[in-house]
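Student:
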Amino acid sequence: MFQFIRRLHGSTNEAGDLTQETFIKAYQALPRWRPEARFHTWLLQIARNTTLDALRQRRRRPEDTLEEHAQLADPGPSPLQHLESGRRLALLERLLARLPLEQREILLLREVEGLSYTELAATLGINSGTVKSRLARAREAMLISYQQANEGYPHD
Amino acid sequence: MTEHLDMTVLSAFLDNELESDEYVRAKRHLDDCPSCRATLAELRAISQGLQAIACAPPPAELRERLDWLFDRQPTAPGWRRWLPRSLSAAASITLGLLIGNALPGQPEVKPADHNLLAVLGSSPPGALCAHPELCYLKVNSQ
C-alpha cells in the first residue's frame, strides 16, 4: 500500500503519512466493507482517494520531488529485451512518475496491483470502455517515453 | 494487408480482454504484421517490467507508527470487550456444575444408633471403669 501511494503521489516522505491515514480510514470504515468487494481493491480505493485528496490540497506536481533523482537517459546499453535489469526497472519507475496522474494511476492499478478491468472500472468510477481507452493511452505514453529515453542506444 | 491495429486493441489483446471475434481478427493481423508484433512485444516488455518493479518494504519508522497506532485501538467497543471473558467465566461455572452432578451421590445419612453410642458413653459397660469393684455387682458376694 505504501508503494502504491508513494508512486501515485510521487513523494516518499508524504507517502508514510498518507499510508497511515489510509489505514485509519479503512479501520473506521471497516463495518461498511462488504465481502462482495475484494478487500485489497477496497483498500486501494481508500488509498487512491486519500492520495488524490492530498494532491488536490497541496497542488503539487509529483514529479517535482522525483525530479531530484530522475535520470531520463538510461546509462545502460541495452534495449527493451533487458528490462529485467535493475537500471531498466528504475527507468520505468521514473517514466511512470512522469505520466499524468490519470494515466499513472490506471497503470499502477493494472500492472502493479493486478486489478481486473472490472475492478479498475469500480475503483476509478468509470465504465469498461473508458478503462480500455485510458489504459491504452497510458501504455502508449509509456512506450513513447521509453523509446525516447532509449534514443541513441542501438537495439539488439 | 489491413490497417495496423490501434493501441486500444493491442492493449486489450495484451490483457486478453478482447471479445472472441475481435481477438480472432487481431490475431490474424498480428500473424501477418511484423510492425504490430513488434509494438505488442514492446508493450508486453514494459508491462512485465512494471510488474517487476521492486516492492521495497515500507520504512521501519512507518511500521512502528502503525503498530503503535493499532495496538492502542480497542478491539471492540464497550460490553463487547468484556464478552469473551464473561463467556469464559459462565462456561467454567456450567462445566463445574455438570461435573459435580455426574459424580456418585453422597451415602445416605442415618440417625445414630443409641445402643452403639452407648459404647462411647461414660457409664458402664462402655467406658473404661477406673474401679471395677464399683462398677460391677459382686455376684459371688453370697
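Chains A and B, in that order, are what the protein sequence lines are. Sequential numbering of the first sequence, starting at 75, is according to the numbering used here. Sequential numbering of the second sequence, starting at 955, is according to the numbering used here. We put the CB at the ideal spot given by N, CA and C, even for glycine. It should be emphasised that the depicted structure is a prediction, and the values quoted were computed from it without experimental measurement.
(1) Of the residues that make up the segment 994-1026 of chain B, which ones have a beta carbon closer than 8 Å to any beta carbon in chain A?
(2) Check whether the Cβ of residue 965 of chain B lies closer than 8 Å to any Cβ atom in chain A.
(3) Taking a contact to mean a Cβ-Cβ separation below 8 Å, would you say residue 968 of chain B touches residue 980 of chain B in this structure?
(4) Between which two residues does the alpha helix (DSSP H) containing residue 958 of chain B stretch?
(5) Give, in chain order, every residue of the segment 200-213 of chain A whose Cβ lies closer than 7 Å to some Cβ of chain E.
(6) If you reduce the DSSP assignment to three classes, tell me which class residue 85 of chain A lands in.
(7) Residues in its own chain within less than 6 Å of residue 1036 of chain B by CB, not counting five upstream and five downstream?
(8) With residue 1021 of chain B as the anchor, note down where its alpha helix (DSSP H) starts and where it stops.
(9) Residues of chain B with a CB under 7 Å from the CB of residue 172 of chain A: which are they?
(10) Determine, using beta carbons only, whether residue 94 of chain A comes closer than 8 Å to chain B.
(11) Could you list the residues in the segment 173-200 of chain A with a C-beta less than 7 Å from some C-beta on chain B, going in chain order?
(12) Are the CB atoms of residue 57 of chain A and residue 170 of chain A nearer to each other than 8 Å?
(13) In terms of residues, what are the limits of the alpha helix (DSSP H) holding residue 116 of chain A?
(14) Using 8 Å for Cβ pairs, my map puts residue 173 of chain A next to residue 181 of chain A. What's the rounded Cβ distance?
(15) Judging by CA-CA distance, which residue of A/116, A/126 and A/223 is the nearest neighbour of residue 195 of chain A?
(16) Using the C-alpha atoms, what's the distance from residue 80 of chain A back to residue 163 of chain A?
(17) Taking beta-carbon pairs under 8 Å, can you tell me which members of the segment 107-124 of chain A lie near chain B?
Tutor: Judging by the given coordinates:
(1) Per Cβ criterion, the list reads 995, 996, 997, 999, 1000, 1001, 1002, 1003, 1004, 1005, 1006, 1007, 1008, 1009, 1010, 1012, 1013, 1015, 1016, 1019, 1020, 1023 and 1024.
(2) Chain A places a beta carbon closer than 8 Å to that of residue 965 of chain B, counting this residue as a contact.
(3) Going by C-beta atoms, residue 968 of chain B is not nearer than 8 Å to residue 980 of chain B.
(4) Careful: residue 958 of chain B lies outside any alpha helix (DSSP H) and carries neither H nor E.
(5) The structure shown contains no chain E; its protein chains are A and B.
(6) The answer is coil: DSSP assigns residue 85 of chain A none of H, G, I, E or B.
(7) Model confidence at residue 1036 of chain B stands at a pLDDT of 49, short of 50, so the residue's coordinates are unreliable and nothing is read from them.
(8) Boundaries of the alpha helix (DSSP H) around residue 1021 of chain B: 1014-1025.
(9) Among the residues of chain B, none has a CB under 7 Å from the CB of residue 172 of chain A; the nearest is roughly 14 Å distant.
(10) By this cut-off, residue 94 of chain A is an interface position.
(11) Within the segment 173-200 of chain A, the residues whose Cβ lies closer than 7 Å to some Cβ of chain B are 181, 185, 186 and 191, listed in chain order.
(12) Nothing about residue 57 of chain A can be reported from this structure: the residues present for chain A run from 75 to 230 only.
(13) For residue 116 of chain A, the enclosing alpha helix (DSSP H) stretches over residues 113-132.
(14) With a beta-carbon spacing of about 7 Å, residue 173 of chain A and residue 181 of chain A fall inside the 8 Å limit used to define contacts.
(15) The closest CA to that of residue 195 of chain A, considering only A/116, A/126 and A/223, is found on A/116.
(16) Taking the straight line joining both Cα atoms gives about 16 Å.
(17) Listed by position, the residues of the segment 107-124 of chain A near chain B (Cβ gap below 8 Å) amount to none.
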